[in-house]
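Sequences listed follow chains R and D, in order. According to our numbering, the first sequence holds residues -19 to 112 in order. According to our numbering, the second sequence holds residues -19 to 112 in order.
2 protein chains.
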Amino acid sequence: MVVAGAAKAVSRAFDDALVAAGGSRPMWLILVALQMRQPRSQVDLAAEVGVRDATLTHHLNAMESRGLVTRERDPANRRTHQVQLTDAGRAMFFQLVTAAQAHDRRLRAGFGDVELAALREALGRLQANVGG
Amino acid sequence: MVVAGAAKAVSRAFDDALVAAGGSRPMWLILVALQMRQPRSQVDLAAEVGVRDATLTHHLNAMESRGLVTRERDPANRRTHQVQLTDAGRAMFFQLVTAAQAHDRRLRAGFGDVELAALREALGRLQANVGG
DNA sequence: TATTGTTATACTCTATAACTATA
DNA sequence: TATAGTTATAGAGTATAACAATA
């Protein structure tokens, strides 16, 4: 119960940091996924981000209208869309990385390296315990 | 960044557990606040729960229509509503406590007492670092 | 005027179901 | 029929702004 409260506060602070930097958590996850590997299909992206197809469509619509990504039909399988980052998308990625790193520094203030490693390991186990 | 992902997963798992038990996180926070002290004004409750007055009104409307709380004007200051738990509200509180405890057991599987105390302490510091 | 609470409205994130188009 | 994606709709949670009632 105490853990859940802290988890919510920490999670929300990260969301707020991304919004303050002109993005959002879903946008961040999509940008990270594309930065790792692209082009990707929407089914693939949705699975990586952890949302439904229709939810991803919603976010991609917003990102496409902001010029952050492009969607092109795959000539080999015209059902699928190949999603790719634009230059503006890469710029937004670096903008959000910067914000996330600044947030991370603030978050781990007062933590030593060893302690931080232990914390990360423990959080990973908590996440596994809830099926994440 | 890893921490934020784990925090979100842990936070959401708690929300899901409360929903599965017939409640929600805001309902839980309101019930806990009233169980600690009642009657309380809505300004007071909203501050404790961490939402705006209008947001609290929204949740109290739902809880009142489910018979979990009552709102009565304070005769001494007719602007304020005194919010109180009904028998059904207390029953819902215990129902959600039970669910939260079950969830907590699952969450901390594999953690020893000492390790758990260290984790709680560390999470408290993280929360403080983000201004929670 | 200041405070308490409600109403109206809107926004974000998410989901399900029905649909289109391709295979 | 099965798959990829879109559209329509909805619901939860939150917020701001305008308002009414009371002090």
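Glycine included, every Cβ here is placed at the ideal spot set by N, Cα and C.
Inset, instruction - With DSSP collapsed to three states, give me the class of residue 17 of chain R. - result: In the three-state reduction of the DSSP assignment, residue 17 of chain R falls in the coil class, being assigned neither a helical nor a strand state.
*asked:* Quick check on residue 38 of chain R: buried or exposed, where buried means 16 or more other Cβ atoms within 10 Å of its Cβ?
replied: With a 10 Å radius around the Cβ and a threshold of 16 neighbouring Cβ atoms, residue 38 of chain R comes out exposed.
Practice problem: Determine, using beta carbons only, whether residue 107 of chain D comes closer than 8 Å to chain R. | Solution: Yes, contact with chain R.
Check your understanding: With burial defined as no fewer than 16 other Cβ atoms inside 10 Å of the residue's Cβ, what is the status of residue 74 of chain D: buried or exposed?
Key -> Its Cβ having fewer than 16 others within 10 Å, residue 74 of chain D is exposed.
Quiz prompt | Three-state secondary structure (DSSP) of residue 48 of chain R | solution = The answer is coil: DSSP assigns residue 48 of chain R none of H, G, I, E or B.
query = Cβ of residue 53 of chain D less than 8 Å from any chain R Cβ?
reply = For residue 53 of chain D, not one C-beta of chain R is nearer than 8 Å to its own C-beta.
Practice problem: Hey, could you find the ends of the beta strand (DSSP E) residue 63 of chain D is sitting in? | Solution: Membership of residue 63 of chain D in the beta strand (DSSP E) is indicated by the continuous run 57 to 65.
Using DSSP with H/G/I as helix, E/B as strand and the rest coil, what is residue 70 of chain R? Looking at residue 70 of chain R - three-state DSSP - the assignment turns out to be helix.
Legend entry - Contact set between residue 93 of chain R and chain D, taken where Cβ atoms lie within less than 7 Å: Result: empty, since nearest Cβ-Cβ is about 14 Å, beyond 7 Å.
Rounded distance between the beta-carbons of residue 49 of chain D and residue 36 of chain D, thought under 8 Å: That pair is no contact at about 11 Å.
* Could you tell me whether the Cβ atoms of residue -16 of chain D and residue 31 of chain R are closer together than 8 Å? => No, Cβ-Cβ distance for residue -16 of chain D and residue 31 of chain R is not below 8 Å.
Where do the N-terminal and C-terminal ends of the alpha helix (DSSP H) with residue -15 of chain R fall, by residue?
Residues -18 to 0.
Out of D:-18, D:5, D:1 and D:-19, which one is the CA nearest neighbour of residue -12 of chain R? D:5 is the residue among D:-18, D:5, D:1 and D:-19 whose C-alpha sits nearest the C-alpha of residue -12 of chain R.
Between which two residues does the alpha helix (DSSP H) carrying residue 88 of chain D extend?
Where residue 88 of chain D is concerned, there is no enclosing alpha helix (DSSP H), because DSSP gives it neither an H nor an E.
| query | Taking 8 Å as the CB-CB cut-off, is residue -19 of chain R touching chain D? | reply | Output row for residue -19 of chain R: interface = yes.
- Query: Between the region 34 to 47 of chain D and chain R, which residues of the former have CB atoms less than 9 Å from a CB of the latter, in chain order?
  - Reply: So the list is empty, because no residue satisfies the distance condition.
Report back the beta-carbon spacing between residue 51 of chain D and residue 44 of chain D to the nearest angstrom; my notes put them in contact at under 8 Å. Residue 51 of chain D to residue 44 of chain D, Cβ: 6 Å. Contact.
Listed in chain order, which residues of the region -14 to 13 of chain R have Cβ atoms closer than 7 Å to some Cβ of chain D? Residues passing the 7 Å Cβ filter: -14, -13, -12, -11, -10, -9, -7 and -6.
* To do: Give the residues of chain R in contact with residue 89 of chain D, contact being defined as C-beta atoms less than 8 Å apart.
  => Within chain R, the residues near residue 89 of chain D are 109.
query = What's the gap between the Cα of residue 102 of chain R and the Cα of residue -1 of chain D?
reply = Spanning the two alpha carbons is a distance of roughly 26 Å.
**Prompt:** Should residue 79 of chain D be flagged as near chain R, meaning a C-beta pair shorter than 8 Å?
**Reply:** Not one beta carbon of chain R lies nearer than 8 Å to the beta carbon of residue 79 of chain D.
- Of all the options R:-18, R:-6 and R:-19, which has the alpha carbon lying nearest to the alpha carbon of residue 111 of chain D? Nearest C-alpha to residue 111 of chain D: R:-6.
> Under 7 Å Cβ-Cβ, which residues of chain D neighbour residue 99 of chain R?
Replying inline: Neighbours of residue 99 of chain R on chain D, chain order: 102.
Among residues of its own chain, excluding the 5 on either side of residue 60 of chain R, which ones have a beta-carbon nearer than 6 Å to its beta-carbon? Closer than 6 Å at the Cβ level, and outside the excluded window around residue 60 of chain R, lie 21 and 54.
inquiry  = Against chain R, with Cβ distances strictly below 8 Å, would residue 69 of chain D count as a contact?
reply    = Taking CB atoms only, residue 69 of chain D has no neighbour in chain R less than 8 Å away.
(Q) Please report the straight-line C-alpha distance between residue 16 of chain D and residue 34 of chain D, rounded to a whole angstrom. (A) Distance from the CA of residue 16 of chain D to the CA of residue 34 of chain D, rounded to the nearest whole angstrom, comes to 22 Å.
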